[in-house]
Structures are given as structure tokens and as C-alpha cells.
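Residue 28 is where the sequence shown starts when you use this note's numbering, and the numbers rise one by one after that. Glycine residues also receive a C-beta, built at the ideal position from the N, C-alpha and C atoms. Nothing here was measured: the structure is a model prediction, and the numbers come from that model.
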Amino acid sequence: MFSFIILHYKNIEETIECLTKLQSLFQDKCHMVIVDNNTLSKSEEKLIQKFTKDILKLDKNYGFAKANNKGIAYARKKYKSKYYIVMNNDVYIDDANFLNIIEKDYKKYSFDMMGPYISSPSKESVNPFPVIKDIESLNKEILRCKKLIKIYSNPIMYFLLQGVLKIKHAIRKPNIPTNGDEILLKSPLHGCCIIFSDNYLKKYKYPFYDETFLFHEEEFLYQRVINDKLISLYNPELKVFHKEGSSINKSNKKERLSKLFREKTRLKSLYLLIDVMQGRKKHE
């Protein structure tokens, strides 16, 4: 009845921890599918096989949306589950009642998709997810993204920006979003953990918008929720922990280049999003 789709990229320790928790809680109640974005070694694959034989090894890094779409398609064809829980490998579940809550809420709300209350080290991974909802906000985000690309492309400008940000943070506390404490039926959902019902998957060719590589997948889903009048359920009773890659330490140079890559990739997603919001592209 339940299939977990777990996206793996590089960090085998997090994937093993995620699988260990799932196995200890749910044992034979679910199927676990690992989607590997072309990073698993043979020894790492053997470690995963102790938990599941369902390892979908992709021929290259497809990013978030495409890789998860492939994983969901694999699980649907093989297991024909009622629910598909799509998670990052750094998302952990500790509640043995997790699957029961999903089943109970589907009977009550017939949701298309569902998201949990998210705990995280930074407290920035939250539901409802703060999505971009209109063209004006989207255009502002595109301009902001372009400015950041310019800064991150220049080591000196990046160094100066870091100094300015430290001063700003010392003067005022950053505005950190919080998880909601009420059930919502039209909630934007964080992409780190989303539960899709099979009823939702029957409606569309792709669960996630298939043209993005990384970032802003939540906005594309939210556009679908609003335009197609879907039920996107947020229930704070359902809980996960999102580690957010907190164990990875980077040097200054690597951090700058990582941020540059992120903003360039984000900009591509934002341009695709504006096409979808203005009706120039169809979200299949």
C-alpha cells in the first residue's frame, strides 16, 4: 500500500540512516525504492541491498524532479501502491504511526498530495512552504537571482557581501518561517517530503514538473494545486526531521562556487516557472 521513493546523491551515510529508521518502524508495511543519481559505488550499493533490492540506478544526474519522476514510475509499475512517499535521503521518520496518519487522512480528505510538519537544524524547512505566488514576486526573485550570480561570480564581491551580511545579522535577527499548527487543504508543500496519492498520479504524466533540474519544484506543484483545484493537505500531526545536509562542511571557495551553481540553476527554474504561470508552457 505504501512505497517510499528516496532520492540518493553522494551521501551514503544519510541514505543508510534514512533506511535504517524506515526498516525499524515499518518492516514489511512498505516498499523502499532508492533512486540513485549516478553516484553509488558497488560497495555502497551492497550496503543499500541489506535494506532493499529496489535500487534504480540512473545513467546520469537528473536532479530532483526528473529523478523522482523516474522513481515514482518504477514503483507504480512494480508495486501499484496507494501512496508514494517521496523523500530526500536526509529526511528521517521517527513516528511508528506515520503511515496510519496518511491512511486516516486520505479517508477523510481524499488528498492529492500531503506534507508533514518539518523539524530541521536551521528551522528553515517548513510547511506550508513559502512559495512565489504571483508574477510580480517572481520577477523580483529573478532580479535578485541575477544580482547574486553577479556577486558569486566575483571572489572579491563575494567576500565583501559576506562581511555585510554578518553585520546585518548582528544588528537584526533574520525572519525565519515557522511550521503551521493547523490543517490546511490548499497548502504549498516543501519538496523534501511529499506524499502523493495514486489518484493524483493518475491525473498527470509527471508528478513533478519534468523540465527543472533543481529548485522551485514546490512552486510548480502549487500552480497545479491552484489551477486544477487539487487537495494539497498539510497536517502538523505528521512529522519528519530534515537534516538539510548539515554534516557537510565546505571551504570558502567551494561554498562560493556552490552558491553560484545554485543561483544559476535556480534562475533556469524561475524562467520555466514564469512560462508556466503565464500559460506559455503546459505543466503535464
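Own chain, CB closer than 6 Å to residue i, minus 5 neighbours either side, in chain order
i    : result
K87  : N65
T79  : M59
F235 : A92, N95, N96, E244
Between the CA atoms of residue j and residue i - distance to the nearest angstrom
i    : j    : result
L49  : I120 : 7 Å
I275 : H58  : Because the pLDDT at I275 is just 42, under 50, the model does not fix this residue reliably, and the point stays unresolved.
F125 : I112 : 11 Å
F29  : F223 : 10 Å
S146 : K69  : 33 Å
K109 : E44  : 25 Å
H269 : I178 : 29 Å
S149 : C172 : 22 Å
K104 : N226 : 15 Å
I221 : E130 : 14 Å
D117 : L67  : 16 Å
K256 : E238 : 22 Å
Boundaries of the beta strand (DSSP E) in which residue i is found, first to last residue
i    : result
F223 : 220-224
I120 : Run containing I120: none; DSSP gives neither H nor E here.
I61  : 57-63
F138 : Run containing F138: none; DSSP gives neither H nor E here.
N262 : 259-269
K106 : Contrary to the premise, residue 106 reads as Tyr rather than Lys in this sequence. It is not in any beta strand (DSSP E) - Y106 instead sits in the alpha helix (DSSP H) that spans 92-106.
L216 : Segment: none, L216 is in no beta strand (DSSP E) and carries neither H nor E.
Chain-order list of residues whose beta-carbon lies under 7 Å from that of residue i (same chain, five-residue window excluded)
i    : result
D132 : F138, M141, L260, N262
A123 : L52
V252 : K213, S259
K56  : F29, L126
E72  : I82
Cβ-based neighbour list, residue i, same chain, cut-off 8 Å, excluding 5 preceding and 5 following
i    : result
K291 : I176
Q76  : I82
T205 : K150, V153
I168 : The amino acid at residue 168 is misidentified as Ile; the sequence shows Glu. Once the five neighbours on either side are set aside, the close Cβ partners of E168 are I159, L297.
Extent of the continuous alpha helix (DSSP H) run through residue i
i    : result
V252 : 244-254
S180 : Element bounds for S180: n/a, residue is neither H nor E.
I75  : 69-76
N206 : It is not in any alpha helix (DSSP H) - N206 carries neither H nor E in the DSSP assignment.
S30  : Here S30 belongs to no alpha helix (DSSP H); instead the beta strand (DSSP E) covers 29-35.
Supposed contact pair residue j and residue i - C-beta distance, whole angstroms, cut 8 Å
i    : j    : result
P215 : Y185 : The Cβ separation is near 31 Å, so there is no contact.
N115 : L46  : Contact doesn't hold; Cβ gap of about 13 Å is too wide.
I99  : I32  : 6 Å
V303 : F247 : 6 Å
Near the ligand MN: residue i beta-carbon under 7 Å from a heavy atom
i    : result
I159 : Only the bare structure without any ligand can be found here, which leaves the ligand MN out of the picture.
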